[in-house]
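Enquirer: Just passing along the structure, written as structure tokens.
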Amino acid sequence: MRDRALGGALATTVEITSTSVQRGDLIQVGGQECRVVDLFQLRDGAKRLVFESGELLTMHRRTRLVAMRMPRRW
-15 MRDRALGGAL ATTVEITSTS VQRGDLIQVG GQECRVVDLF QLRDGAKRLV FESGELLTMH
45 RRTRLVAMRM PRRW
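Just so you know, our numbering puts 43 at position 59 of the sequence shown, and the rest follows in order with no gaps.
Okay, structure coming up:
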């Protein structure tokens, strides 16, 4: 599924896990869109996500979320 994102560019909706999450992913948490700006590897396959707002979210190894991902420009 593709949606129009900010600026009119096409974004793809993808399911992410702690192994596939990337900087720039847009995740909806509690009805609010949060963009991932940094990632930290934790033990047991978990990752700590840092959002633009400064908030943190820990994704455990089995956590699955839906995110909007912009196509990469080479």
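Positions of the beta carbon are idealized from the N, C-alpha and C atoms, including for glycine.
1) Assuming residue 43 contacts residue 4 under a Cβ cut-off of 8 Å, what Cβ separation, rounded to an integer in Å, is found between them?
2) By the three-class DSSP mapping on this structure, what secondary structure does residue 32 have?
3) Tell me the rounded alpha-carbon separation between residue 29 and residue 23.
4) To the nearest angstrom, how far is the alpha carbon of residue 11 from that of residue -4?
5) Quick one: is residue 20 buried, meaning 16 or more other Cβ sit within 10 Å of its Cβ, or exposed?
Expert: Reading off the structure:
1) So it is not a contact: roughly 10 Å between Cβ atoms.
2) strand
3) 12 Å
4) 12 Å
5) buried
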